[in-house]
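Colleague:
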Amino acid sequence: MDKILVTIPLFDEVVERLRQHFEVETCGEQAITAPGELAARLQGKAGMVVAGTPQVDALLLQACPGLRAVCSMAVGYNNIDVPACTARGVLVSNAPDVLTETTADFGFALMMATARRISESEHFLRAGQWTQWRYDLFAGADVHGATLGVLGMGRIGQAIARRGALGFGMPVIYHNRSRLDGAIEAELGARWVDKPSLLREADHLVIVVPYSPASHHLIGAEELALMKPSATLTNIARGGVVDDAALAEALRARRIAAAGLDVFEGEPSVHPALLTVPNVVLTPHIASASLRTRRAMADLAADNLIAALGRGPQAGRPPTALNPEVLAPG
Ligand code: 8YV
Numbered sequence: 000m001d002k003i004l005v006t007i008p009l010f011d012e013v014v015e016r017l018r019q020h021f022e023v024e025t026c027g028e029q030a031i032t033a034p035g036e037l038a039a040r041l042q043g044k045a046g047m048v049v050a051g052t053p054q055v056d057a058l059l060l061q062a063c064p065g066l067r068a069v070c071s072m073a074v075g076y077n078n079i080d081v082p083a084c085t086a087r088g089v090l091v092s093n094a095p096d097v098l099t100e101t102t103a104d105f106g107f108a109l110m111m112a113t114a115r116r117i118s119e120s121e122h123f124l125r126a127g128q129w130t131q132w133r134y135d136l137f138a139g140a141d142v143h144g145a146t147l148g149v150l151g152m153g154r155i156g157q158a159i160a161r162r163g164a165l166g167f168g169m170p171v172i173y174h175n176r177s178r179l180d181g182a183i184e185a186e187l188g189a190r191w192v193d194k195p196s197l198l199r200e201a202d203h204l205v206i207v208v209p210y211s212p213a214s215h216h217l218i219g220a221e222e223l224a225l226m227k228p229s230a231t232l233t234n235i236a237r238g239g240v241v242d243d244a245a246l247a248e249a250l251r252a253r254r255i256a257a258a259g260l261d262v263f264e265g266e267p268s269v270h271p272a273l274l275t276v277p278n279v280v281l282t283p284h285i286a287s288a289s290l291r292t293r294r295a296m297a298d299l300a301a302d303n304l305i306a307a308l309g310r311g312p313q314a315g316r317p318p319t320a321l322n323p324e325v326l327a328p329g
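Residue numbers (numbering that gives the first Met the number 0): 0 to 329.
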């Protein structure tokens, strides 16, 4: 029986399902992220379940020659060197689609909380500072009718645009490497613009672009300077797409009104300057975290691993493989 390693705390039911096919080693309550420990615990393992961390790179693969499948319960896979896996015949899968609507709900909620200053006002109330009604008490920006800017118009970006256009009457502008086809643009009422125009025109900018070296610090001091002083920025993509130090400074100086951040450079550490500015809503990478969706993500990772290692009804055909060619016959 193949042995596998589950590197993250996971639903008992999903681990049980994996045990029907494999000898399973789990990590307990603490995810395994340190490269040395990961390599040591992967010895003799044919597969592993991961999420957005740890790094799966050529060095790790070299240290674990028996590894045949890396199955992630995240849609973003910037932590996995897919070409290096392909070169060694290691199947990689991610978890798209099952989290799209849940993540879009959260992106929209975070954008609204940011625009309407929900965290900041709750802290004020909890601190016993609420002594009177005032016309300008935590007066923020409207969401309905405001211009929604979406940076990165993949599945999640489109789901956010749909919420804005259909639910809140927001004109939608977007920037993406490739334009959506005309029918989808029409359905979303979305207009492609170049990046500077997106930054200049958006009242609420939501960032949903995958992380890669090309998107590193896509938003830094220069880009923030183009935004309206009344604008908000929401990042549910990946830490590193936004220069957190530059953002903290822009928030402190009120060069933009507010930000909502679910992802951070170097998370779970958070840039200390972000912790000192009041006009930012901070959440610990929970955009996909409804119980039902997290279970669907975990099940999809398990389905992929079972199939990748030749078991179950989809043996040899993992449903969301990123490099299915490694399993192709011949
Ligand atoms: C995950 C995510 O919760 O799917 C992704 O890409 O960012 C989240 O849904 C996270 O990656 C877990 O590490």
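From the three backbone atoms N, C-alpha and C, an ideal C-beta is built for every residue, glycine too.
No experiment lies behind these values; they were computed from the predicted model shown.
Of all residues in the structure, which have a C-beta closer than 5 Å to any heavy atom of the ligand 8YV, taken in chain order?
Modeller: That query returns the following residues: ALA50, GLY51, ALA73, VAL74, GLY75, SER287.
Colleague: For a quick check, are the C-beta atoms of ALA257 and THR25 less than 9 Å apart?
Modeller: For ALA257 and THR25, no; Cβs fall outside 9 Å.
Colleague: Could you say if the region 65-80 and the region 131-146 meet the contact criterion of at least three C-beta pairs nearer than 8 Å?
Modeller: The answer is no - the region 131-146 does not touch the region 65-80, with fewer than three Cβ pairs under 8 Å.
Colleague: Tell me the DSSP secondary structure of LEU223 in three-state form.
Modeller: Three-state DSSP puts LEU223 in a helix.
Colleague: Tell me the residue span of the alpha helix (DSSP H) that contains HIS122.
Modeller: It spans 117-125 - the alpha helix (DSSP H) in which HIS122 sits, taken as one unbroken run.
Colleague: Considering only the beta carbon of each residue, do LEU321 and ILE3 sit closer than 9 Å?
Modeller: Going by C-beta atoms, LEU321 is not nearer than 9 Å to ILE3.
Colleague: Taking the DSSP output, what are the residues bridged to SER71?
Modeller: In the DSSP output, where bridge partners are listed per residue, SER71 has VAL49.
Colleague: In chain order, what residues of the same chain lie with their CB nearer than 6 Å to the CB of ARG125, ignoring the 5 residues before and after it?
Modeller: Cβ within range, chain order: n/a, list empty.
Colleague: What are the complete beta strand (DSSP E) segments, minimum 3 residues, inside the region 276-306?
Modeller: List check, beta strand (DSSP E) in window: 279-281.
Colleague: Are the Cβ atoms of GLY168 and GLY144 separated by less than 9 Å?
Modeller: For GLY168 and GLY144, yes; Cβs fall inside 9 Å.
Colleague: Going along the chain, which residues of its own chain have a beta-carbon closer than 7 Å to the beta-carbon of GLU100, five neighbours each way excluded?
Modeller: Contacts found: ALA158.
Colleague: How many Å lie between ILE7 and ARG154 at the Cα?
Modeller: Distance between the alpha carbons of ILE7 and ARG154: 26 Å.
Colleague: Whole alpha helix (DSSP H) runs in the region 74-148 with 4 or more residues, listed along the chain?
Modeller: Runs found: 81-86, 99-114, 117-125.
Colleague: Kindly indicate which residue of ASP56, HIS270, GLY127 has the alpha-carbon position closest to the one of ALA86.
Modeller: The candidate whose alpha carbon is nearest that of ALA86 is ASP56.
Colleague: Label SER268 either buried or exposed according to how many other C-beta atoms from any shown protein chain fall within 10 Å of its C-beta, with 16 as the threshold for buried.
Modeller: Exposed, since its Cβ has fewer than 16 Cβ neighbours within 10 Å.
Colleague: Roughly how far, in whole angstroms, is the beta-carbon of VAL74 from the beta-carbon of LEU98, given that I think they are within contact range, below 8 Å?
Modeller: Right, their Cβ atoms sit about 6 Å apart.
Colleague: Helix, strand or coil, according to DSSP, for GLY259 in the structure here?
Modeller: Correct three-state label for GLY259: strand.
Colleague: What does the alpha-carbon distance come out to for the pair GLY239 and THR102?
Modeller: Roughly 19 Å separates the two Cα atoms.
Colleague: Do you know how far the Cα of ALA94 is from the Cα of TRP132?
Modeller: Roughly 47 Å separates the two Cα atoms.
Colleague: Compare the beta carbon distance of GLY148 and HIS122 with 9 Å and say whether it is the shorter of the two.
Modeller: Contact flag unset, no.
Colleague: Assuming VAL23 is part of the alpha helix (DSSP H), what are its boundary residues?
Modeller: That residue, VAL23, is in no alpha helix (DSSP H); its beta strand (DSSP E) goes 22-24.
Colleague: Looking only at its own chain, which residues have a Cβ that is under 8 Å from the Cβ of VAL14, when we skip the five neighbours before and after it?
Modeller: Taken in chain order, the residues that qualify are VAL5, VAL23, THR25.
Colleague: Around the Cβ of GLY127, are there at least 16 other Cβ atoms within 10 angstroms (buried) or fewer (exposed)?
Modeller: Result: exposed.
Colleague: Thinking just about the alpha-carbon of each residue, which of LYS44, ARG176, PRO323, SER71 is nearest to the one in ALA213?
Modeller: Nearest C-alpha to ALA213: ARG176.
Colleague: Can you name the start and end residues of the alpha helix (DSSP H) that ALA249 belongs to?
Modeller: Here the alpha helix (DSSP H) through ALA249 covers 243-251.
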